[in-house]
Amino acid sequence: TRPGSRPGQARKKWPVGSSGLHASELPFVFGTESDYRSMNPINCTWDNQTRIYSNKIISHWTNMAAYGKPLELWKKYHPSTPKFLQLTPYHEFSMESWNNDCTIFDKIEQDDLFEMFGSDI
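Numbering (full-length UniProt numbering), first residue to last: 1 to 121.
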């Protein structure tokens, strides 16, 4: 489902393969055991592995803010070998190759335009 829907609105399904959603990392960044859409400050509990994962993400973000660079695991970007830091649902970090495939974003945009304008687009 898509975050950001208003109460009473039907939530959209995200296309298969879209994985992480915009802002879905924020509970881990701020160490809050809460879903950002919730009015309840704590609506879930984390096991120890999830808390450790959150602490690693916090370390990356604070090092970036304080020193202008994240931890060593997050390698510097170079155009000849474009890679990004993948944060997985399994509490892992890995450097992955960027394949410039933006079809998922095109699909999301197409679905949104169709929802707004119907077949008149």
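Note that CB positions come from ideal geometry on N, CA and C, so glycine has one too.
Buried versus exposed call for residue i [16 or more other C-beta atoms within 10 Å across all chains shown]
i	result
S5	In this prediction, S5 scores a pLDDT of 40, lower than 50, which makes its location untrustworthy; the coordinate-derived value is nonetheless stated afterwards. Classification of S5: exposed, given that the 10 Å Cβ count is below 16.
F28	buried
T67	Just to set this straight, residue 67 is Tyr in the shown sequence, not Thr. The residue in question, Y67, is exposed, as its Cβ has fewer than 16 Cβ neighbours within 10 Å.
S80	exposed
S54	buried
Distance CB(residue i)-CB(residue j) smaller than 7 Å
i	j	result
S97	K83	yes
H78	L71	no
I95	K76	Residue identity check: residue 95 is Met in the sequence provided, not Ile. For M95 and K76, no; Cβs fall outside 7 Å.
Integer-rounded CB distance, given that residue j should sit under 8 Å from residue i
i	j	result
K69	N63	6 Å
Nearest neighbour of residue i, chosen from the options [CA to CA]
i	options	result
D47	W61, H60 and T32	T32
A23	S94, H78, L87 and L113	L87
T50	Q110, T103, L71 and E25	E25
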